[in-house]
Amino acid sequence: MSRALHKPLSRSILLLGCLAAALSSCRTAKSVVEAVEVKPSGFLTHAKDLKEDRQRSPFLLNWWSTDKRLLAAADRCRKIYVAPVAYDQVRADNTIVAAVEHDAAWRTRHLPAMAQYIRTKFGDAFRKAKDPRYAVVDAPAADALTLQLSLLEWGPNTYTGVLSRQVVDFFTFNVGGEATMRNTRGYMAIEGRVVEPRSRQPVFEFADKEYAKIVLLISIQDFRRNGQAYFAVKEWAAQLEKLLRAKPGEKVSDSLPAVLFNY
188 MSRALHKPLS RSILLLGCLA AALSSCRTAK SVVEAVEVKP SGFLTHAKDL KEDRQRSPFL
248 LNWWSTDKRL LAAADRCRKI YVAPVAYDQV RADNTIVAAV EHDAAWRTRH LPAMAQYIRT
308 KFGDAFRKAK DPRYAVVDAP AADALTLQLS LLEWGPNTYT GVLSRQVVDF FTFNVGGEAT
368 MRNTRGYMAI EGRVVEPRSR QPVFEFADKE YAKIVLLISI QDFRRNGQAY FAVKEWAAQL
428 EKLLRAKPGE KVSDSLPAVL FNY
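Per our numbering, numbering of the sequence shown is gapless, rising by one per residue and ending at 450.
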């Protein structure tokens, strides 16, 4: 391997090692390394009570009911209904690259399709789970939990952002633009709650935000406008499915905010 290639690759591996160390801490990697924050809306019943719990959940903010009867009732459910995803709480995309490449009208036209994509992928995560706990149903039922989701923020990928980062990366061994120009990357924030059917009370609520992964070598998804959103949604869906069937004391890990490749 040439010295020119070995140097940036070594730095990339070192950065991944640092991110792995952060991930093992009591806070999520994105809250430690990238200082990512998410502000829940009034969509959630316990929005003000959500907290980070790295020992249990991969999501930035979480709330669990402490009502034993409610939890017992929810635990008896073996079905789940994924409700249509709300997007009336979605916030404006005020990034500079958004002003260059897409306006509010463009995003408004595409929100219904994005909401449907989110619903489909969360349903798929439960349907295709290797060891499923819940069967997905097409309508609310007395023996089925209801998963209610709301899209909070959505900033699509932009060519302006990608090219800006690539220029900086050219002079900084493939890490400067990716690591420091976060506001040029695509992002998405989501919130949700799991509702017990008979009481119609939530047993779990969460909120999370993701920026496009820091790509240290090769990035493909950055060149697709919905690449970051699609990746984040599938990851959230898989994480929630694992969390809802996790045994007491079992930890569901978050992913690193950086990867070597991004296809």
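The beta-carbon is built from N, C-alpha and C at its ideal position, and this holds for glycine as well.
In this text, all values refer to a predicted model and were calculated from it rather than measured experimentally.
Can you look up residue i in the DSSP assignment and give me helix, strand or coil?
i: Ala273; result: strand
i: Pro435; result: coil
i: Ala279; result: coil
i: Ser211; result: Confidence at Ser211 is low in this model, with a pLDDT of 46, below 50, so its placement is unreliable and no value can be given for it.
i: Tyr268; result: strand
i: Lys235; result: helix
i: Thr333; result: strand
i: Leu248; result: strand
i: Ala261; result: helix
i: Ala328; result: coil
i: Val223; result: coil
i: Ser440; result: coil
i: Gln178; result: The structure shown does not extend to residue 178, since the chain is modelled only from 188 to 450, so the question has no answer here.
i: Lys429; result: helix
i: Gln408; result: helix
i: His289; result: coil
i: Pro299; result: helix
Which residues in the same chain have their Cβ closer than 6 Å to the Cβ of residue i, if we skip the five residues on either side of it in sequence?
i: Gly373; result: Gly342, Pro343, Asn344, Ala399, Gln415
i: Arg314; result: Val323
i: Thr232; result: Pro389
i: Ala268; result: Here residue 268 turns out to be Tyr, not Ala, going by the sequence shown. Around Tyr268: Val324, Pro327, Ala331, Thr333.
i: Lys308; result: Val420, Lys421, Ala424
i: Asp236; result: Trp250
i: Arg278; result: Glu340
For residue i, I'd like the list of residues in its chain whose CB is within less than 7 Å of its CB, leaving aside the five on either flank, ordered along the chain.
i: Ala261; result: Leu332, Glu383, Val390
i: Ser197; result: Unreliable placement is indicated for Ser197, whose pLDDT of 45 sits below 50; no coordinate value is reported for it.
i: Gln276; result: Ser228, Phe230, Ser337, Leu339
i: Ala234; result: Pro227, Ser228
i: Arg214; result: Annotation note: pLDDT 49 at Arg214 (below 50); position unreliable, coordinate value reported separately. Glu239, Arg241, listed in sequence order.
i: Leu257; result: Glu383, Ser386, Gln388, Val390
Looking at the unbroken beta strand (DSSP E) that takes in residue i, where does it start and where does it end?
i: Glu383; result: First-last for Glu383: undefined, no H or E at that position.
i: Ala322; result: 322-324
For the ligand FMN, is there a heavy atom less than 7 Å away from the beta-carbon of residue i?
i: Lys255; result: This structure lacks the ligand FMN, and indeed carries no ligand of any kind.
Per DSSP, residue i is paired with what?
i: Ala376; result: Glu340, Lys396
i: Phe391; result: Trp251, Val381
i: Ile305; result: DSSP, once it has assigned bridges, lists no residue as partnering Ile305.
i: Ile401; result: Ala445
Leaving out five residues on either side along the sequence, give the residues of the same chain with a beta carbon under 8 Å from the beta carbon of residue i.
i: Asp311; result: Ala424
i: Arg265; result: Arg320, Tyr321, Ala322, Asp330
i: Val439; result: Arg243, Ser244, Pro245, Gln426, Lys429, Leu430, Ala433
i: Ala273; result: Phe230, Ala302, Gln335, Leu336, Ser337, Leu338
Are any of the Cβ atoms in chain D nearer than 8 Å to that of residue i?
i: Ala416; result: Included in the structure is just one protein chain, with no chain D present.
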